[in-house]
Each structure stands twice: as C-alpha cells, then as structure tokens.
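Add 55 to a position in the sequence shown, counting from 1, and you land on the number used in our numbering. Even for Gly, the Cβ is constructed at its ideal location relative to N, Cα and C.
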Amino acid sequence: MLARLVQSIFGARKNSFSQLWCPVCGEKTVSFLSLPDFYREKARLHGYEHFGKGEMISLETYSCSHCGASDRERLYALWIDQHIEKGFFLKDMRVIHFAPESALSAKLRCLALFNYKTADLLIDDVDYKVDIMDMPFEDESFNFFICSHVLEHVESDDQAIRELYRITKQGGCGILVAPIVVGLEKTIEDPSVKDESERWKLFGQNDHVRLYSHDDYVKKVRSHGFRVEEFGEEYFGREVFCSLGLKPTSILYVVSK
Ligand SMILES: [Zn+2]
C-alpha cells in the first residue's frame with residue numbers, strides 16, 4: 056500500500072512488460088531520464104515543500120533519451136497523433152504554440168499538416184514575440200492552441216486566459232496545462248513576490264508566481280468561458296501511460312470554445 060502510494064506520488068511505475076516509446080520523436084527504443092537533480096537540490100535548499108507532488112512531473116522518467124521531450128510533451132504528442140488519425144486537424148487550420156517546447160515544436164512543424172505558428176515573449180526564435188496577456192491577434196484567429204506551463208509565470212493568469220479565449224475561434228480548442236500539485240487545496244499565488252529564493256520556496260521555481268490546485272485551476276479556466284475536459288490514465292490506458300513513462304496522476308487538460 057505504502058509502496059503504491061509512494062509510487063503514485065513520486066513517479067511513473069516501472070513496468071518491465073511495457074515497451075517504452077516516445078510519440079514526439081517516434082523512437083521505439085528509448086529510455087527515459089530522471090529530472091535533473093538541480094530541481095531537487097533547489098527545493099531542498101529553499102524549503103519548497105511540494106517537490107515531487109506535481110500531477111504530471113515524473114521524476115524518474117522525465118525526458119526522452121533520444122529527443123529530450125519531457126513527459127508532458129509526450130502526452131500532448133500522443134493526443135495530437137490520435138486526433139490526426141481521427142481527421143481532426145485540417146490543412147487550413149490555424150494553430151499557435153505558446154512557449155514552444157523544442158522537441159514537440161519540431162515535430163509539429165515537420166508534420167506540415169496545418170498552418171503552424173509559435174509565440175513567446177522572451178525567446179527570439181518564434182514566429183510572434185507577444186505578451187500572452189495582450190496579444191496583437193484578431194478575435195477568433197486560431198482553431199487550436201498549445202499553451203503549457205505559461206500561466207504560472209504571468210502576472211495575471213485571468214488576463215492571459217481571457218486573451219486565449221478571445222483569439223480562439225468558436226468551435227476551436229486548445230491544450231491548456233499548468234503545474235498542479237496533487238492534494239493542494241487552494242491555489243497559492245503572489246505575483247508581488249520578486250525575491251527568487253522566496254519564489255523557489257513558495258512556487259518551486261524562481262520565475263513562477265503561483266502554484267495551482269486542481270479544482271481552482273479548472274474553475275478559473277471555466278470562469279472565462281472555456282469548456283474543460285480532463286484526460287488521464289483512465290482515458291489513454293494504463294499500458295500506454297507506462298510505455299510513455301507517464302506518472303499515473305498526469306492529466307491532459309483540453310479546453311474548447
Ligand atoms: Zn523522443
């Protein structure tokens with residue numbers, strides 16, 4: 056019982072019967088590497104009490120040995136592949152990827168399946184350098200977006216979600232994911248905290264300003280008009296989760312307008 060609890064809190068199960076593979080690079084003979092010790096050391100140094108309790112962060116099977124894709128990128132790629140098979144993505148669809156994760160972004164660009172653009176405020180190598188809280192796009196510009204691990208950085212996540220809703224076409228949808236701590240009752244946030252050490256302690260990273268609880272996160276996203284669907288291990292299957300090195304508590308949040 057204890058072993059199972061520890062396993063579900065701290066990482067994906069090791070399953071010798073599962074053939075490991077990565078849907079980002081498509082490699083069938085990968086291994087998954089642990090989260091760099093840097094984060095554990097920072098958590099210990101600054102007294103961050105939620106280390107290892109993130110819904111999605113799989114400490115032991117974090118990144119793909121072949122392409123470097125993180126656990127969450129693998130989950131997004133799986134969902135996208137499944138939807139490509141279902142014929143969901145059409146040639147003229149406009150897709151925007153915020154804070155594009157490099158391995159996933161390379162895959163999506165390579166697919167050449169839809170009109171794919173990238174956006175970020177800080178990195179240069181993107182199609183649009185934009186502030187997600189105030190975007191220069193017309194209303195209803197995009198059919199689909201990916202916005203992962205952005206909302207915990209911005210001063211007003213409400214304003215960012217409002218903007219995402221505004222630029223999404225009616226009938227469009229997106230992958231909208233942020234770090235959520237399993238078992239956390241209320242979201243912890245304070246954008247006025249600027250001290251890096253204090254941010255490590257409160258939010259687990261020096262450039263984060265909030266830490267979400269599951270219920271508060273879903274409630275907040277819904278409050279701006281999005282429908283929210285949650286796809287976890289029950290939806291994708293346990294065997295698939297094991298093959299991709301995903302933590303059993305991982306949830307993919309897909310929002311639609
Ligand atoms: Zn890979």
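Distance, residue j Cα to residue i Cα
i, j, result
"Thr304", "Glu288", "7 Å"
"Ala158", "Arg164", "10 Å"
"Ser247", "Glu96", "25 Å"
"Ile187", "Glu244", "18 Å"
"Lys313", "Cys80", "As shown, the chain starts at 56 and ends at 312. That puts residue 313 outside it, with no answer to give."
"Arg217", "Glu110", "24 Å"
"Gly292", "Phe286", "10 Å"
"Asp270", "His279", "15 Å"
"Glu104", "Ala98", "7 Å"
"Ile365", "Asp250", "Because the chain here runs from 56 to 312, residue 365 falls outside it and cannot be looked at."
"His208", "Lys83", "34 Å"
"His263", "Leu130", "23 Å"
"Cys228", "Asp179", "26 Å"
"Ser120", "Leu90", "12 Å"
"Val295", "Trp134", "12 Å"
"Val185", "Lys275", "23 Å"
"Ile306", "Glu193", "30 Å"
"Phe143", "Ala215", "26 Å"
"Phe200", "Asp92", "31 Å"
"Leu166", "Met148", "13 Å"
Proximity test, residue i beta-carbon vs ligand 2 heavy atom, cut-off 6 Å
i, result
"Ala124", "Among the ligands modelled here, namely ligand 1, ligand 2 does not occur."
C-beta contact flag for residue i and residue j at 7 Å
i, j, result
"Glu156", "Glu115", "no"
"Leu219", "Asp212", "no"
"Gly300", "Ser113", "yes"
"Pro78", "Ala154", "no"
"Ser311", "Arg277", "no"
"Asn198", "Lys224", "yes"
"Leu239", "Ser196", "no"
"His101", "Ser252", "yes"
"Leu75", "Ser118", "no"
"Val181", "Phe169", "no"
Heavy atom of ligand 1 within 6 Å of residue i beta-carbon
i, result
"His138", "no"
"Val79", "yes"
"Cys119", "yes"
Rounded distance between the beta-carbons of residue j and residue i, thought under 8 Å
i, j, result
"Val236", "Leu266", "6 Å"
Notebook entry, point to check: In chain order, which alpha helix (DSSP H) runs of at least 4 residues are fully inside the region 213–258?
Noted result: 251–258
Next item on the list: Entirely within the region 255–297 and at least 4 residues each: give me those alpha helix (DSSP H) ranges in chain order.
Entry: 269–278 and 288–291
Margin query: If we require 3 or more residues per run, which beta strand (DSSP E) segments fall completely within the region 182–214?
Written below: 197–203
Checklist line | Ranges of the alpha helix (DSSP H) found wholly within the region 70–153, counting only runs of at least 4 | finding: 92–101 and 126–140
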